[in-house]
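Below is one structure, written out as structure tokens, with a few remarks after it.
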Amino acid sequence: MLKGIDHLVIVVPELNAAVESYRALGFAVVLGGRHPIGTHNALIAFADGSYLELIAFFEPNTQHRWYQRLQLSGGLIDFCLQTDDLAGDICAFREAGVKIADPRPLSRVRPDGYQLRWVLSIPEEHQGVAPFLIEDETPRGERVPRVTVHANGVTGIHGVTVAVADPAGVRRWYERVRGVSVTAVDRNDFVASGVRVVIGPHALDYMAPGGADSALVDWLSTHGDSPYAASLSTTAGKGPLDFGKTQAARLSLV
């Protein structure tokens, strides 16, 4: 069953610069280490169990889907969902028409030398729109930093907005998966309408433009179906974060 958002992926051109930028925004950022696919990351963990992953390429990997997006703009690019039944949820998405790959192993070596291991099941199409799923082989508590208190008061991920041309198609994916609720939603802030998928404490809004004045029109024209924005729950000041400091990720505090 799906439990909520595991993490959001923000691809950045240079990791150290991104770390300093997010720290300046009031986040506690922990260096994560290196993957054997040419990437390294830093993590921002929250009290709700989710986190932001800042990821960069320390060497080119033209075969990686996130490397291609980095050449376009970078920013918020993908999201991973937590599950307590990886095999069952893979089957459910497949039955709903999502081509999702069998789990494959990946690892990361933390700066302290500890090697983390997990398996990922990644969509073979609709990447960045259909989620990828994760199952830990080493303890999840070792993968996710224990530091969850931030100067800006952020306590977790509130929701993610994904721009899509066909929300009805996405709705059919989630209607077969356990642990979710799906309802229609209108978003005046984006002049858009679509479906809201609630998973645990988090919401995924799959939105299509409601008119020519919607900000999603240009986004879809340039980026296609893909994550557009995310909101973070906070106990302090609210509003959008500086787009430059977030490394082209559209983030707001609510």
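Okay, so the sequence shown: first residue is 91 according to our numbering, each after it adds one.
Each residue gets a CB set at the ideal place from its N, CA and C atoms; glycine is no exception.
If I measure Cβ to Cβ from residue i and keep anything under 7 Å in the same chain, skipping five residues before and after, which residues do I get?
i    : result
D226 : W208, R233
Y264 : V270, V272, V287
P103 : A146, L160, G164
P291 : G94, D138, G246
S321 : H248, G249, S342, V344
H154 : I127
Check this for me: beta carbons of residue i and residue j, under 9 Å apart or not?
i    : j    : result
A186 : V267 : yes
A255 : A298 : yes
V252 : D315 : yes
D303 : V285 : no
T324 : S111 : no
I100 : A107 : no
Please return the same chain residues whose Cβ sits closer than 6 Å to the Cβ of residue i, not counting the five positions on each side in sequence.
i    : result
A333 : Here residue 333 turns out to be Phe, not Ala, going by the sequence shown. Nothing listed; no residue qualifies.
A338 : S163, G164, G165
G123 : R198, V199, R200, P201
Would you grab the beta carbon distance between residue i and residue j for me? Rounded to a whole angstrom, and I think it's under 8 Å.
i    : j    : result
D179 : L223 : 6 Å
L196 : H125 : 6 Å
A241 : G116 : 4 Å
Quick check: is any heavy atom of the ligand GDP less than 8 Å from the C-beta of residue i?
i    : result
E143 : Among the ligands in the structure shown, none appear at all, so the ligand GDP cannot be discussed.
Name the two residues that bound the continuous alpha helix (DSSP H) containing residue i.
i    : result
A305 : 305 to 313
Assuming residue i is part of the beta strand (DSSP E), what are its boundary residues?
i    : result
V285 : 282 to 289
A253 : 244 to 253
R261 : Premise fails: R261 lies in the alpha helix (DSSP H), 257 to 264, not in any beta strand (DSSP E).
R277 : 270 to 277
Just to confirm my understanding: we take residue i, look at its own chain, exclude 5 residues before and 5 after, and list those with CB closer than 8 Å. What are they?
i    : result
R236 : A135
E149 : G128
V120 : A132, L133, I134, A135, P235, V237
In the region 99 to 178, which residue ranges form an unbroken beta strand (DSSP E) of at least 3 residues, counting only runs that do not cross its ends?
-> 120 to 124, 129 to 135, 141 to 147, 165 to 173
What are the start and end residues of each continuous alpha helix (DSSP H) run of 4 or more residues lying completely inside the region 174 to 232, in chain order?
-> 176 to 185
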